Amino acid sequence: QELLRTMAQQHDNMLKLLKTENEWLRRGVKARLKRNEGRKQRVLQLREDAKNNPSKIHKMRLELEREAKHFNRGEGINRQKMLFEVEKLGLTLGDKVLIKDFSTRILQKDVIAVVGPNGSGKSTLLKALLGRLKPTSGIIKMGEITIGYFDQHREMLDDNLNLIETFCPHGGDRVDAQGTDYHVYGYLKNFLFPREFLDKKVGTLSGGEKNRVALALLFTKKVDCLILDEPTNDLDIPTINILEEKLQNFPGAVILVSHDRYFVDKIAKKLFIFKGDGTIEESYKPYSEYLEDEKEFAEMDAMQAEFSKAAAPIAVQTQKAKVFKLSFNEQKALEKLPLEIDALEKQIDEINQCLADPKCYEKKGISVLAQELEKTKILYEEKVEELLTIQEKEEAIEALKNA
21 QELLRTMAQQ
31 HDNMLKLLKT
41 ENEWLRRGVK
51 ARLKRNEGRK
61 QRVLQLREDA
71 KNNPSKIHKM
81 RLELEREAKH
91 FNRGEGINRQ
101 KMLFEVEKLG
111 LTLGDKVLIK
121 DFSTRILQKD
131 VIAVVGPNGS
141 GKSTLLKALL
151 GRLKPTSGII
161 KMGEITIGYF
171 DQHREMLDDN
181 LNLIETFCPH
191 GGDRVDAQGT
201 DYHVYGYLKN
211 FLFPREFLDK
221 KVGTLSGGEK
231 NRVALALLFT
241 KKVDCLILDE
251 PTNDLDIPTI
261 NILEEKLQNF
271 PGAVILVSHD
281 RYFVDKIAKK
291 LFIFKGDGTI
301 EESYKPYSEY
311 LEDEKEFAEM
321 DAMQAEFSKA
331 AAPIAVQTQK
341 AKVFKLSFNE
351 QKALEKLPLE
361 IDALEKQIDE
371 INQCLADPKC
381 YEKKGISVLA
391 QELEKTKILY
401 EEKVEELLTI
411 QEKEEAIEAL
421 KNA
């Protein structure tokens, strides 16, 4: 049903945006990105789109209704299975608001890392998706799917069983993993277990060994989605490499909580970032790039705070004595970001043109195009904000030098 409201909501958003942009056009304010002419043309195009959009909505609604019939069943062109749909999710534990007003969709091939400070609610989100925690507000819709869950407490393991009993609970010595039949030792050898471990009780294993057993067991399950809570804890580097390979070859969705930035960089295609105040930000940046940006923002805030105190001549001289300059990465970003922003604008225009052409959107699928448009817009906004931040820092540095 949410998809059936997509185009109407987009039209409402278009009208709101048009109102804002019209006010900007009337004021003639200098654009922060020094791209006034391009923005002016977009305003004029937006006006034209707003006039034509109602008839497009009617045509596209018919297509959306057709696609809605295939929710969790369709295998049409480029269509992905919807696993979760989260609407205005809120979760409160005691007096602490962990999640507020969070909405998202999770599709069949999504690989999502949930990141943020300790105690911010990351594991709570996983439990809500698993149905183990009832939302304080909002809803979580789950498709007809099966989930494999790995948690740092290794709940899936029975300490009283040995490894053969764990992997062959119905007897025998064969294991099916992702459609391939293995001898139990041949399979466990992939997780660095020697043959003599087959008869060992799970309860006698170390924490790292138990984690390897739990991971090996996880990949014997036929599931649509893997949910992992701190999977790299207590793992050595060879085992982490094995886990990375298994996850990269997994055909379904992956949702994981991890503090390991290098692991997240290799695996995740999308981030759910807990900000610590209940809000969750979605980003398609690599995790390391996001952390680097946060560091740059903090440095800029600190620099601006120092600059604001430089009212007295002595304070000014103190500030001037400090050498502020853009980092090497920021200087490179100033060169490449405008090009990336232009490319993303063209990509957004192309998707919108496809959404306006029945031949195009019937071929590709509106739901797929809508997801692609949302992803591209988020990335576009991130790039613009990154460029604005660096430009403001550059201006602050120049002002400081001239003070």
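For the sequence shown, position 400 matches number 420 in our numbering, and the numbering has no gaps at all. We treat Cβ as the ideally placed atom computed from N, Cα and C, and that holds for glycine. Given the structure is predicted, the values throughout are model-derived calculations rather than measurements.
Exposure label - Ser387; buried when at least 16 CB within 10 Å: Looking at its Cβ environment, which holds 16 or more other Cβ atoms inside 10 Å, Ser387 is buried.
Run of the alpha helix (DSSP H) containing Arg281, from where it starts to where it stops: That run of the alpha helix (DSSP H) goes 281-287.
For Phe239 and Gly206, the rounded distance between their alpha carbons: Taking the straight line from one Cα to the other gives about 14 Å.
Straight-line gap, Lys129 to Gly141 (C-alpha atoms, nearest Å): Here the C-alpha atom of Lys129 lies approximately 24 Å from the C-alpha atom of Gly141.
Three-pair Cβ contact test at 8 Å for the segment 191-205 versus the segment 160-178: No: fewer than three Cβ pairs fall under 8 Å.
At least 3 beta-carbon pairs within less than 8 Å: the segment 98-113 vs the segment 260-271: Not touching, per the Cβ criterion.
Top-ranked residue by Cα proximity to Tyr282, from Glu309, Pro271, Phe292, Ala273: With distances taken between Cα atoms, Tyr282 lies closest to Glu309.
For Asp165: DSSP bridge partner residues: First, the amino acid is wrong: residue 165 is Ile here, not Asp. Beta-bridge pairing links Ile165 to no other residue.
beta-carbon Glu392 near the ligand SAH non-hydrogen atom, thresh 7 Å: Among the ligands in the structure shown, none appear at all, so the ligand SAH cannot be discussed.
Secondary structure of Thr299, DSSP reduced to three states: Thr299: coil per DSSP, three-state reduction.
Under the three-state DSSP convention, the category Gly223 falls into: Collapsing the DSSP output to three states places Gly223 in a helix.
Buried or exposed (CB count within 10 angstroms, at least 16 for buried), Ser226: Ser226 sits exposed, since fewer than 16 C-beta atoms from the chains shown fall within 10 Å of its C-beta.
Straight-line Cα distance separating Glu350 from Leu389: Spanning the two alpha carbons is a distance of roughly 33 Å.
Rounded straight-line distance, which links the Cα of Val243 to that of Val195: Val195 and Val243: Cα-Cα distance of roughly 16 Å.
Backbone CA spacing between Arg47 and Lys352 [nearest angstrom]: The predicted model places Arg47 with a pLDDT of 49, which falls under 50 and marks its position as unreliable, so this point remains unresolved.
contact_flag[the segment 177-196, the segment 147-157] where n(CB pairs < 8 Å) is 3 or more: Cβ pair count under 8 Å is below three, so no.
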